[in-house]
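Residue numbers (our numbering): 2 to 388. Ideal Cβ positions, reconstructed from N, Cα and C, are used throughout, including at glycine. Have a look at the structure below, then the notes.
Okay, structure coming up:
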């Protein structure tokens with residue numbers, strides 16, 4: 002039950018409010034003066050306070066100021082006389098959650114209390130998330146240090162400076178997003194603007210996700226691993242990957258197709274690894290259409306499979322083709338460079354490196370053809386040998 006302290010110098014009103022609020026599930030604590038109410042508040046620390054403005058001795062404004070000074074997260078609703086707007090405005094200026102006028106209507110009171118409870122819950126959630134955020138940042142920092150040490154041992158970094166510069170740039174973008182989200186949340190709470198709370202909270206969550214993505218990408222790139230092969234159906238892997246991106250492609254008016262070879266047999270592959278390869282390539286292809294400035298195009302991404310033969314071996318071809326913005330020769334030459342991204346701060350620059358790494362672990366190869374303004378085709382070739 003939510004504890005609620007009700008302060009009013011008129012006993013009949015107190016009794017009426019106690020009966021009404023108790024029936025709504027509140028644990029009601031009553032006080033007949035501001036002094037008595039503050040004593041109870043300091044002892045029991047309820048998060049909700051309902052107080053009359055005009056009381057002998059200590060009035061409701063003094064109660065409000067003392068409550069907020071003692072516990073800034075407590076929400077105070079003040080009761081004013083009909084037409085007493087000056088007192089209501091003064092209460093709001095000192096941090097009151099809301100005000101209601103006499104005679105008190107139950108539906109108005111319940112609505113004010115519900116809003117106050119929501120503000121308390123959001124404040125607590127933000128506090129908990131901030132505390133957890135510090136732990137997550139520490140954990141991510143530890144993982145990043147470990148990943149960096151592993152990268153250096155495997156000579157995957159050309160220089161330490163390159164790593165630091167790449168990580169610093171990406172982390173700076175994340176911190177900027179986090180600061181913007183926290184500002185919107187705080188502003189939304191201060192000005193009681195739910196849409197700002199919602200948008201700010203979404204920004205915080207997105208940027209925490211980016212921290213996790215960066216840590217996972219670094220760990221994946223730094224660790225050598227043998228493919229965990231099993232018998233699987235390549236066409237099924239493609240179909241599942243395409244289905245995951247259907248909604249995003251439709252949202253940006255990109256037609257996403259799958260052209261599957263019906264003669265393609267089962268293969269002995271690391272299903273999760275190949276799934277990650279396809280997810281990265283399809284995501285990049287959709288992004289190439291989204292970032293394309295030529296809006297006259299009917300954007301399209303096609304994922305194709307084909308059974309091929311090369312040097313008496315059966316080979317599986319996975320091809321991801323788009324008609325998006327394409328790439329210049331200079332950009333193509335940097336595609337598999339550490340921390341290089343064409344997404345203007347939105348990418349880690351590790352996606353294609355991890356894609357290439359998984360393919361090489363399979364003994365396969367990846368190639369790319371692209372023309373600026375025309376589109377790009379990535380082709381992955383893997384041996385289909387069964388055990």
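Item: Residue 269 (DSSP reduced to helix, strand or coil); Value: strand
Item: Residue 106 burial status per 10 Å Cβ neighbour count (16 or more: buried); Value: exposed
Item: For residue 78, the three-state DSSP class (helix, strand or coil); Value: strand
Item: Residue 235 burial status per 10 Å Cβ neighbour count (16 or more: buried); Value: buried
Item: The ligand PLP heavy atom lying under 7 Å from the CB of residue 181; Value: The model on display carries no ligand, and the ligand PLP is accordingly not part of it.
Item: DSSP three-state assignment for residue 130, whether helix, strand or coil; Value: helix
Item: Cβ neighbour criterion (16 or more within 10 Å) applied to residue 47; Value: buried
Item: Given residue 257 as reference, the closest of 268, 82, 243 once Cα atoms are compared; Value: 243
Item: Own chain, CB closer than 6 Å to residue 308, minus 5 neighbours either side, in chain order; Value: 262, 264, 265
Item: Close Cβ partners of residue 282 (< 6 Å) along its chain, the five nearest in sequence each way excluded; Value: 321, 379
Item: Whole-number beta carbon distance between residue 95 and residue 62, since they are thought to touch under 8 Å; Value: 6 Å
Item: Proximity below 8 Å, CB of residue 365 to CB of residue 383; Value: yes
Item: Cβ distance (whole Å) where residue 363 is taken to contact residue 270 below 8 Å; Value: 7 Å
Item: Classification of residue 51 by the beta-carbon crowding that lies within 10 angstroms, buried from 16 upward; Value: buried
Item: Nearest candidate by alpha-carbon position, reference residue 187, set 64, 229, 127; Value: 127
Item: Inter-residue Cα distance where the pair is residue 376 and residue 185; Value: 38 Å
Item: Continuous beta strand (DSSP E) stretch holding residue 101: start and end; Value: 99 to 102
Item: Sheet register partners of residue 1 (DSSP bridge); Value: Beyond the ends of the chain as shown, which are 2 and 388, falls residue 1; an answer cannot be given.
Item: Neighbourhood of residue 69 by C-beta, 8 Å cutoff - its chain only, sequence neighbours within 5 removed; Value: 75, 77, 95, 96
Item: Buried versus exposed call for residue 358 [16 or more other C-beta atoms within 10 Å across all chains shown]; Value: buried
Item: Short Cβ contact (8 Å threshold) for residue 255 with residue 287; Value: yes
Item: Cβ distance (whole Å) where residue 79 is taken to contact residue 41 below 8 Å; Value: Not confirmed; about 17 Å, so no contact.
Item: Through-space distance from residue 12 to residue 390, alpha-carbon basis; Value: Residue 390 is absent from the structure shown; the chain starts at 2 and stops at 388.
Item: Reduced DSSP category for residue 4 - H, G, I as helix; E, B as strand; rest coil; Value: strand
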